[in-house]
Structure formats: C-alpha cells, structure tokens
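> If you scroll down you'll find the structure; I have some questions about it.
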Amino acid sequence: MKGLVLIMLLAPLAGAALNALAGSRLGRNGVRASACAAVLIALAAAAGALILSHGRIQDFTLWSWIKVGSFQAAMDVHYDSLAGLMAMMVTFVGSVIHLYSASFMREDQGLVRYYVYLNLFTFFMLVVTLADNLAFLYLGWEGMGFCSYALIGFWYGDNEKASAGRKAFLYTRIGDIAFGVVLALCFVWFDDLTITGINAQAAGLSHGAALALGLLLFWAAAGKSAQLPLSVWLPDAMAGPSPVSALIHAATMVTAGVYLLMRLFPVLQASPEVMWLLAAVGALTALWAALAALAQRDIKRVLAYSTLSQVGYMFLAVGASDIVAGMFHLLSHAFFKSLLFLAAGCVIQALDEEHDIFRMGGLQRKMPQVGMLFFIGALCLSAFPLLGGFFSKDRILLAAFLEPGLSYKLFWAAGFLAALLTPLYTFRAYFVAFGPRKAGSEVKPSRGTPRFMTAVLWPLALLALMDGLLNLPMGPGKHWLARFFSNVPGARIELPASGGMELAMALVSAVGVLAALGLAVWLYRGRAAESAEKGWRQALAQALYLDRLQLSLLVRPYRAVSNFLWREVDDGGLDLGFTTLAQGLGIVSRGWAAWSGGRLTVYLFSVLLALAAVVVLLTFAWFA
Amino acid sequence: MVPLEHVLVLASLLFLVGAACVVARRNLLMIIIGVEVMLNAAGLALVGGSLYWRNLDGQALVVFILAVAAAEVSVGLALVVLAHRRRRSLNPDDFKMLGGSR
C-alpha cells in the first residue's frame, strides 16, 4: 500500500525531472511517451491503491521531514475514501489530458517545458490530495499555484497571456496567505499539523477560535477555487492552452479549495457562521457566474464562468454540510468540464485560434465527432435528467433546501435559478458554435483534427454520462458513493428527506432543466449574431463589473499610493537628499584632490603655510 | 655692537625672501637658491645668538649647516641637471609623475 502511494507520487515527479534534465535529448516522441507513461503509471497505482484499501483508512509516513522539539512536520499520507477517489480522478483526467496534449501540442516548440510543468502539476496535485500534514499539503498547494502560473503564461511571448498568468498567481497568493496563517494557528493551538489530529481536536475549539480558523480556511479555499470575491482570475486564466484549462482550471486545481474544505470539514462544522458563509458565497458565485456566462462570446470564457458556477455549487454543498454531494459533484464536474474544454480545444485549433462562438457555426456537420463530444458534455453540464450532473446537482440543492432557516431557502433558490440558467448558457454556446446556420455564415475548419485527439475523449464522455450511477438516489446501487465515504468525518449517507420529497425535488428540477433547454433551443438555434453589447448584455459580459470594481477600489488606489511613494517620497525626497549630499561631497573631494595633485609648487606653498601656522600658534602661546 | 634685535630682524627678512623665492618662482634652480637663502638666514640668526650669549654652540651649528648646504646643493644641482635632460624643462609643475598617471 505504501509502495503504491509512493509510486503514485513519484512517477509524475520522475517524469518531470527526466524531461527537465534530458528532455532535449529524448526527442519529441520520447518526451511525449515518458510524460504520458509517468501519469499512466500513477493512474495504475491509484487504481491499485483504491482496490487494495477496501475503504479502510490508511495512515503512513513517507519521510520524516521537519523535526523541531515537540513539533514535527512529516511527509505523511492520510488515505481515506475521499483521498482515494480524488487521486483516482486526478490521475485519470490527468492521463486523458496528457494523451490529448501529445496530439494537441504536436506543432508547439515548447513541448518539453509544457510536459515538465504538466507532470509537475500532477505531482503537486497528488500531494494536496493525499497529504495528512498541512505543511506537506501546503507544499503541494503552492507548487500547484506555480505550475498554474507557468502554464497560463505558457505562450509568454504574448504579453496579454503572460499578464493573465501573473494575475492568477497574485490572486491565488492572496488566498494562500490565509492558509499560511492557518498553519501558524494550528501549530499554536494544537501543536499538531496533521489533518487527522486537527479534526480530532476540532470539537474542543472555542467559538472564536473555530470561527477564525473557518474564516481563514474559507479565504484560502476561495482563492484557489476562484469564489467571490477572488474570482476574477479564472476567466483570464483561459489564456493558457486548452488542455491546461481542462486539467488545472476545471478538473483539479480549482476544486482543490473545495477538497481542502472537505478534508477539514469538522473544523468548519464547529462554527455555524462559517457554514452559513460558505453556503452564501457558493450560492452567490453559482448565480453570478451563470449570469456572466450568458453573455460571453469567447467559448473558453463561457466554460470558465460555468466552472465558477459549478464550483459554487460545491461550496454550497459544503455549507449545507453535505460533503458527499460536494464530492459527487466535484467528480462529475471534473469529467464533463474537462470533456467540454478538450472539445473546445479541438475546435479552437481547427479554426486557427478562433475563440469567438459567433464566428463559428455549423461545426456539428464539419466536425461531427467533436460536436458529439461537446454535446454530451453540454448535456451533463446542464444536468439533463438521469445523466451525470443531474444527480449530484440535485443532491446539493436538496441538502441546501433541507437546512433550517430562511437564508438556506434563499441559497437554494439562487442555486435553483443558476441551475435553470446553466442549460441556457451551455446550449447557447453549443447552438451558436455547432448548430446549423444559413448557408454562407458557416465556417470551414482550416485543418483537420487528428483522430487520436477525439478518440481519447470518449472514455471521459462515457464517464460523464454514467457517473450518476455512483450515487443513485434509489434502486440497487443506492447511495454507493455515500456509503463508500462513511469513513470520512462528517459525511452523511442519506439526507433526512422523505422519499416523496426527494422525488418531488428531482421532478421539479428535471422539469425546470427541460424547460430551460427548450428555451435555449428556441432562442439560440440558428442564431448567427447577437445584438451589440449594450446595457444589461454588456454588464453580463463584464461579469457585473466585478473586475473593474476591484480595479478601481483596490488596484488604482494602491497604484496611486505607490506612485506617490515612488515619485514624491523616494525619488523626490530620499533620493534627492542623497544625491545632493553625494554631489556636495564630490565637490569637496575634488577640491582635496586638486590640492594633492602632484604639483610641487602647491606642496611647497602648503609647507610654507603650515610653517606659518606653527609660528603663529607659537607666538600666541608665547604671549598668552 | 650690533643689537640682537637687528640681527634677528635681518635674519627673518632674509628667511622670508628665501621662502618667497621658493614658493613664487617657477624654476627648479631658483627654488634651490631660495632654500640656500633660507638656510643662511637661519645661520645668521644662530651666529647672532651665539654672539649675544657668548656661547660657541651656535657657531658650531652653523658649520654643520654649511656642510649640509654644500651636500644639498651638490645633490640638488645634479638632480636638476638630470631632470632637465629628461624633460627639457625646469618648471617644477612638469614633474608630477608621483601623482599617478593622469
């Protein structure tokens, strides 16, 4: 078991190291093969570990890392069902994306760099997934942030893309500060940084301490998962290559924040205010991002906003204290969203970097395979009844509805509204880009898509379609996932709802989704253009001006203050003072230097002066 | 008998003339002559003192000064001749090799 986990962790790291050191000698095929093999080995190890563990919790230490006095931070692993499934998902989606990239990046010059970062990212993500010690987890957490930055700005020659990478790095760093504080607080209060230890002591926390820890954890997770108010980096992060968006900014890294919350769920549970805040932020983000997605023209930005919205659901699930639903949605979201991103990547590449859906059109006929895959992903994202996303989203909404208090009903309403908007924006993208149009307004792909690229997506599509089977609300496999999670602290197998109510909720959301789908067909099928971006449409396209608001509230004042400090205080005050002082000293020194310039006459004159001075002094001394 | 004050005033004036010659003239020879004048001014003051106090020490010192002055002039003049051969100049400001290459 320990060996399997070691292999799982070390294989991607070894792949990254190999390519970083000898990538240029391996040749393009060698690089691709070694990088893909590393992740496939990790996938096999993850599958083996999941089977061998039999749902038991396993804790072990890989390496004792830091040991100071009574404190120790070891590289240790807490392998429970949550970590096992997450590792499985990460390695599986990672493998698909590595294989897909082999074809997607076939002409790119930076292939070695790309695969090094991708492998390294997989390693860090697995560290976050498995780590028991928060210091070890923090290592993976920051490493992920770095890889994300490097891959968003992968085409760094384009200044806009490079600055998108910087923006993402800075925004996630704002969240990471809170995580650092959590580490310090846990050390002070518990003298223990292991997740198991912290969870065990969480019940004994005072109200204020639990609140502080919960708020800091929320802030850390919000930064990584791009929840309000730290969301604006994710849409810009779409500057990276599409497979990167699929792996990092849809399936794994942005869900790492939610995953952290699930791992430390008992700490959050100790403070009802934090739970309320999580639910509120989740519901608000879900609704806000769904609205913003309605007006985007860039196909990847539509998907990015939908990612924000879906991760908002996961926050809502944690806030409604149903981490099973959250993890369930995390898994199904990982499958269908990476599928959508990868299909979009095929389209973008085939059309020579065209991102605007209104300049596509009729692609279903030109690229039937890709269209089919995107359609499947869109159906799952819209939570089409009986498909993957349906059951998970339904359970989240039910959990929110069942929580006591009027505010949770409001969160449920916001979530439900967002669920109705989801088919609208998803199928707006599908119909405008892929749907048939009048002759003449359709585009023709300028190059073909390699068959391998679409072939590797079918397993993802299959999983996206079928993963509702993991946790059926009724029937033979009832609540399999929830039962599997019974060893995770805080997991509830069944929600306290009667069968009738569950059925009614499911029916209501099914009818709602179908109605919204009908509306989307009526609104967007055959649509070739949208009226100009004015009024509400512009407000939505700008995501309700959140970016601009933060720019004018925080960035501009900060820059003004910095400018003042730079120009007036530093340049005008300190520097001016020092420069003047230096210039004065320079003048004096040049005077001295001229005096000792090697001229004999000057020396002689000086000697005479000195002599005169001595005589004068002696005279005074004589008469005084 | 000449009073001591007169001798001392004359010696001081001679010394100042010598010093002015050293400082003001831009010629190595004139500097050496100025130095000689200053030495002799000092010798004059010593002789005057020796006469006033009836003590031979001062005159003994003057003999020493004469010897030193002779040695100094011989070495100094040799240097001046050498310097003139090297640089074709007797201006002291032309000889500033010790100030570094500037």
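For the record, the sequence lines run as chains B and A.
Taking my numbering, the leading residue of the first sequence gets 1, the next gets one more, and so forth.
Taking my numbering, the leading residue of the second sequence gets 1001, the next gets one more, and so forth.
Virtual Cβ for every residue (Gly too), placed ideally from N, Cα, C.
Since the structure is predicted, the reported quantities are computational estimates derived from the model, not experimental observations.
1. I'd like the span of the beta strand (DSSP E) that includes TRP65 of chain B, first residue to last.
2. Strictly under 7 angstroms for the Cβ-Cβ distance: is PHE605 of chain B near chain A by that measure?
3. Given a limit of 8 angstroms on CB to CB distance, which residues of the stretch 1023-1037 of chain A reach chain B?
4. Using a Cβ-Cβ cut-off of less than 7 angstroms, give me the residues of the stretch 1075-1093 of chain A that come near chain B, in sequence order.
5. On the three-state DSSP scale, how would you describe PHE416 of chain B?
6. Pair every Cβ in the stretch 162-171 of chain B with every Cβ in the stretch 201-217 of chain B, then say whether three or more of these pairs are closer than 8 angstroms.
7. Taking a cut of 7 angstroms between CB atoms, which residues from the stretch 597-621 of chain B lie near chain A?
8. Assign ILE51 of chain B to one of two classes, buried (16 or more other C-beta atoms within 10 Å of its C-beta) or exposed (fewer than that).
9. Would you decide whether THR129 of chain B is buried or exposed? Buried here means 16 or more other CB atoms lie within 10 Å of its CB.
10. Got a sec: is the Cβ-Cβ distance from ALA1041 of chain A to anything in chain B below 7 angstroms?
11. Under a three-way DSSP split, which group does LYS478 of chain B fall into?
12. Do the CB positions of ALA520 of chain B and PHE434 of chain B come within less than 7 angstroms of each other?
13. Curious, which full-length alpha helix (DSSP H) runs of at least 4 residues does the stretch 311-382 of chain B contain?
14. Classify GLY377 of chain B as buried or exposed, calling it buried when 16 or more other Cβ atoms lie within 10 Å of its own Cβ.
15. I need the boundaries of the alpha helix (DSSP H) containing MET1 of chain B, first residue and last residue.
16. Taking the DSSP output, what are the residues bridged to MET75 of chain B?
17. CB ALA286 of chain B to CB TYR259 of chain B, shorter than 7 angstroms?
18. Would you say ALA1019 of chain A faces chain B, with C-beta separation under 7 angstroms as the test?
19. List the residues of chain B that PHE1095 of chain A touches, going by C-beta distances under 8 angstroms, in chain order.
20. Do you know offhand how far PHE154 of chain B's Cα is from MET125 of chain B's?
21. Quick one: grab the DSSP three-state call for THR252 of chain B.
22. Looking at the strands, I want to know which residues DSSP matches up with ASN133 of chain B.
23. Whole angstroms are fine: how far does the CA of LEU1061 of chain A sit from the CA of GLU1072 of chain A?
24. If you draw a straight line from the C-alpha of LEU465 of chain B to the C-alpha of ILE348 of chain B, how long is it?
25. Sort B:LEU228, B:GLY223 and B:ARG301 by Cα distance to ALA246 of chain B and report the nearest one.
26. In the DSSP assignment, find the unbroken alpha helix (DSSP H) run with MET86 of chain B in it and report its ends.
27. Count the other CB atoms within 10 Å of the CB of TRP522 of chain B; is the residue buried (16 or more) or exposed (fewer)?
28. Under a Cβ-count criterion, where at least 16 other Cβ atoms within 10 Å of its own Cβ denotes burial, should LYS224 of chain B be classed as buried or exposed?
29. Does the beta-carbon of SER562 of chain B have 16 or more other beta-carbons within 10 angstroms, so that it is buried, or is it exposed?
30. If you count every other CB in all the chains shown that lies within 10 Å of the CB of TRP1053 of chain A, and 16 or more means buried, which is it?
31. Going straight from the alpha carbon of THR579 of chain B to that of VAL615 of chain B, what length do you get?
32. Is the Cβ-Cβ distance between ALA212 of chain B and SER309 of chain B less than 7 angstroms?
33. How would you call ASN119 of chain B, buried or exposed, if buried means at least 16 neighbouring beta carbons within 10 angstroms?
34. Below 8 angstroms on the Cβ atoms is my guess for GLY642 of chain B versus ALA317 of chain B; work out the distance and round it to an integer in Å.
Working from what's here:
1. 58-68
2. yes
3. VAL1023, ARG1026 and ILE1031
4. PRO1092 and ASP1093
5. helix
6. no
7. GLY597, GLY598, ARG599, LEU600, THR601, LEU604, PHE605 and LEU608
8. exposed
9. buried
10. no
11. strand
12. no
13. 323-350, 363-366 and 368-381
14. buried
15. Where MET1 of chain B is concerned, there is no enclosing alpha helix (DSSP H), given that its DSSP letter is neither H nor E.
16. B:TRP63
17. no
18. yes
19. LEU600
20. 19 angstroms
21. coil
22. B:THR194
23. 16 angstroms
24. 24 angstroms
25. B:ARG301
26. 81-104
27. exposed
28. buried
29. exposed
30. exposed
31. 41 angstroms
32. no
33. buried
34. No answer is possible for residue 642 of chain B: it lies beyond the span of chain B, which begins at 1 and ends at 624.
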